[in-house]
Amino acid sequence: MNGLSDVRLKLHSEELQDAQRPQLYSTPAGMNRWQLMVHRWQSRHELLGLDAEQLRDIGLTPEQAQREGLKPFWRN
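Right under this line is the structure:
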């Protein structure tokens, strides 16, 4: 194989791994950096206030919600 094929295979394997990771939230498009930070802070704060039934509705366990909710707003 040449070097270009190796790079393509590596990129494809990384895309497959990313596709298998569950997405806990989505970010609205068109936000600038500050809007994104405020959005993350608000949504993570609200996530911590959900009860078990509401978490079940969105497909999260309480542990997942707590882990995501306690993340700093500057982290993705």
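Going by this note's numbering, the sequence shown opens with residue 9, and the numbers climb by one from there. Ideal placement from N, C-alpha and C gives every residue a C-beta, glycine not left out. If you're wondering where the values come from, they're calculated on a predicted model, not measured in any experiment.
- For the segment 33-69, the continuous alpha helix (DSSP H) assignments of 4+ residues that do not extend past its boundaries occur at 41-56 and 60-66, in sequence order.
- The residue from Ile66, Glu61, Ser51 and Ala60 with its alpha-carbon nearest to that of Gly77 is Ser51.
- Judged by DSSP in its simplified three-state form, Arg83 adopts coil rather than helix or strand.
- Inclusion of Leu56 and Gln74 in the CB contact set at 9 Å is warranted, their separation being smaller than that value.
- Here Arg48 is buried, its C-beta having at least 16 other C-beta atoms within 10 Å.
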